[in-house]
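Going by my numbering, the sequence shown opens with residue 103, and the numbers climb by one from there.
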Amino acid sequence: VKPTLIALLALGSCICLYGCESVKLPLKNANKKQLKLAADAHQVLQKHCRQCHGKGDSQSDEMLLEYEALIEDKFVRPWDTQRSKLYRVIAKGDMPREEKDAPAGLFPRYDIGGPAVPEEELELIKQWINAGAPNWEKAGK
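In structure tokens, the structure reads:
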């Protein structure tokens, strides 16, 4: 019975490990330079995304601009821009949406015809994610 039990436990462990995705945690102990980068990235997101994705006035349940939500919901994958939905939709030009792409009257309270995120600001977002996505909420402390 013991060899069978050991084999079953080993098989179960392999199945569990196979189904688990490698998760890279955000940078916990950021230095001043990394915190500045986080604050700058947050400013870019506030400038271009807050109007539709900000707390309280969100037109979408996706990607509220709260640090913990972005990390927990895996919109930002620390250390990995290619797997970070936030970066991909901005880089691809899917966000911010242009007014012509929205159904008439969908966003009556918002001027959503904003410009695309400039390349240098997109680069800030990329650097922030690749630096481990340090928490911008700690930048002011």
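Don't be surprised by glycine CBs; every beta carbon is placed ideally from N, CA and C. Treat the numbers as computed from the prediction; the structure is a model and nothing was measured.
> Under a three-way DSSP split, which group does L54 fall into?
Replying inline: Past the edges of the chain, shown from 103 to 243, lies residue 54, and the structure says nothing about it.
> Who are the near neighbours of A188 in its chain, counting only those whose CB is closer than 7 Å to its CB and skipping five residues on each side?
Replying inline: The sequence given here has Leu at residue 188, not Ala. For L188, where only same-chain residues beyond five positions count, the Cβ hits under 7 Å are M165, L172, F177 and V178.
>> To the nearest angstrom, how far is the alpha carbon of M197 from that of H155?
In response: 11 Å
>> Taking only three categories from DSSP, how would you classify W181?
In response: coil
> Looking only at its own chain, which residues have a Cβ that is under 7 Å from the Cβ of L137, when we skip the five neighbours before and after it?
Replying inline: P236, K240 and A241
> What is the DSSP secondary structure of N232, reduced to helix, strand or coil?
Replying inline: helix
> Buried or exposed: which applies to T106, given that a residue is buried once 16 or more other Cβ atoms fall within 10 Å of its Cβ?
Replying inline: exposed
> Is it right to say G234 is buried, meaning 16 or more other beta carbons lie within 10 angstroms of its own, or is it exposed?
Replying inline: buried
> When DSSP labels each residue in this structure, what does D175 get in the three-state scheme?
Replying inline: coil
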